Amino acid sequence: MRLTRNLFIVVSVLAFCHHAAAQEKIRIAPSSPGLSAWPIHLAAKEGFFDREGLRAEVIVMRTNTGIAALVTGSVDFITAGGTAMRPAVNGAPIKMVLNVNKRPDLWIVAQKNIPRLEDLRGKIIGVGGSWGTQFYHVLEALKLSGVDKDVQLVSTGDVANGYLSLQQGTMPAVALTPPYNVLAKRQGYRDLIRTGDFITVSPTTSLVTTKEKLEREPQKLRRAIGAVVKAVEFAKARKAEMVQFIARQYRMERDMSEAIYEALMETLNPTLWLTDQEVQIEINRIAEQTKMKIAAKPRDLSDFTLVRQILQESGR
181 MRLTRNLFIV VSVLAFCHHA AAQEKIRIAP SSPGLSAWPI HLAAKEGFFD
231 REGLRAEVIV MRTNTGIAAL VTGSVDFITA GGTAMRPAVN GAPIKMVLNV
281 NKRPDLWIVA QKNIPRLEDL RGKIIGVGGS WGTQFYHVLE ALKLSGVDKD
331 VQLVSTGDVA NGYLSLQQGT MPAVALTPPY NVLAKRQGYR DLIRTGDFIT
381 VSPTTSLVTT KEKLEREPQK LRRAIGAVVK AVEFAKARKA EMVQFIARQY
431 RMERDMSEAI YEALMETLNP TLWLTDQEVQ IEINRIAEQT KMKIAAKPRD
481 LSDFTLVRQI LQESGR
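Under our numbering, think of the first position of the sequence shown as 181, with each following residue one higher.
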């Protein structure tokens with residue numbers, strides 16, 4: 181009996197070791213601990229990467245740090261798609277291979293005594309990152325009220341710090357992504373504007389990798405992309421379980437988690453890829469904002485071949 185039990189233990193350990201050895205390691209760097217990169221966190225927590233034979237390490241990095249880590253090969257993917265396109269138009273060897281949000285999932289939220297956008301004149305707005313995509317989204321949305329030149333934007337590091345600054349009263353207004361915008365609204369702070377209502381095409385959360393990895397490791401990338409696609413499909417088809425995931429991940433009540441779920445679904449890109457025309461819109465936006473003449477074409481910045489193949493094979 182003891183021999184049988186010991187043999188079972190040895191076989192189990194060997195099977196576990198073989199499974200661990202068979203898995204390839206990938207490193208993904210979201211730019212925020214918030215839910216902007218929810219498909220990555222969901223795929224990691226719910227085992228979608230494991231089922232693709234991948235051992236995923238998710239490391240939150242500030243956007244500029246993440247881009248540097250990607251280019252040097254320290255990570256396989258970053259998720260800051262919009263910001264990554266800025267160095268890409270200047271020749272950085274990186275490409276977007278999947279897009280989660282093709283319009284901003286960003287809300288401008290103010291203190292309780294600031295009811296209108298116009299009331300932000302002469303005030304400071306805290307924004308995550310360091311003059312990346314979120315900064316430009318805030319300015320573009322504020323143009324509609326004619327206050328873009330009358331506010332000062334400062335970096336909060338990330339949206340979690342921005343939310344904390346709002347609570348502490350050190351910022352008159354901040355730019356927040358889910359779940360922080362929903363939390364702030366429930367606490368009585370003023371939800372002034374959702375930038376995605378006015379900016380219809382501007383990719384934010386995405387998977388971005390290097391051109392070298394696309395050429396040398398297409399099957400590994402395909403499996404990683406496949407895991408994210410399955411996570412998105414899971415979230416869309418199984419609302420109750422996704423709401424439970426949000427509640428567990430962020431220690432929230434169910435009604436709050438349901439509100440956050442709806443906010444995530446509102447900005448989800450249903451195709452998970454962008455057309456050349458949509459990528460060109462972002463190139464034109466970068467050219468206008470930076471006052472640069474950009475020669476880069478959509479094919480230089482994106483390659484959605486793998487995600488389109490995966491979706492086609494699954495009947496989508």
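We put the beta carbon where it would ideally sit given N, CA and C, even for glycine. None of these values were measured; they are calculated from a predicted model.
Just to confirm before moving on: does the CB-CB distance between THR252 and GLY312 stay below 8 angstroms?
No. Outside cutoff.
Give the straight-line distance between the Cα atoms of GLY309 and PRO398, rounded to the nearest whole angstrom.
30 angstroms
Between the C-alpha atoms of ALA260 and ASN293, what's the straight-line distance to the nearest angstrom?
If I take the Cα positions, the gap works out to 32 angstroms.
Cutting at 6 angstroms between CB atoms, please list the residues of its own chain near GLU421, excluding the five before and the five after it.
none
Using DSSP with H/G/I as helix, E/B as strand and the rest coil, what is SER482?
strand
What do you get for MET351, buried or exposed, if any count of 16 or more other CB atoms within 10 angstroms of its CB means buried?
buried
Could you have a look at ARG296 and say whether DSSP puts it in helix, strand or coil?
coil
Enumerate, from N- to C-terminal direction, the unbroken alpha helix (DSSP H) stretches of 4 or more residues contained entirely within the region 291-374.
313-322, 339-348 and 360-366
Considering LYS471, what are the terminal residues of the beta strand (DSSP E) in which it resides?
Looking at the DSSP string, LYS471 is not in any beta strand (DSSP E), and its letter there is neither H nor E.
By alpha-carbon positions, which one of VAL459, GLN347 and ALA427 ends up nearest to ALA364?
GLN347
On a Cα-Cα basis, can you pick out the residue from GLU392, ASP330, VAL289 and LEU300 that is closest to THR345?
The sequence given here places Ser at residue 345; Thr does not occur at that position. Put simply, of GLU392, ASP330, VAL289 and LEU300 the residue whose alpha carbon is nearest the alpha carbon of SER345 is VAL289.
Give the straight-line distance between the Cα atoms of VAL487 and GLY227, rounded to the nearest whole angstrom.
19 angstroms
Within the same chain, show all residues whose beta-carbon is closer than 6 angstroms to that of LEU319, passing over the 5 residues directly before and after it, in chain order.
For LEU319, where only same-chain residues beyond five positions count, the Cβ hits under 6 angstroms are ASP328.
If you drop the 5 nearest sequence neighbours on each side, which residues of the same chain put their C-beta closer than 6 angstroms to that of SER437?
By the criterion of a C-beta distance shorter than 6 angstroms, SER437 is surrounded in its chain by VAL423, ILE426 and ALA427, once the five residues flanking it on both sides are discounted.
For THR451, name the three-state secondary structure that DSSP assigns.
coil
Could you say which of VAL269, TYR430, VAL331 and THR380 lies nearest to THR470 if we only look at CA atoms?
VAL269
Given this structure, state the Cα-to-Cα distance separating GLU232 from ILE405, to the nearest angstrom.
10 angstroms
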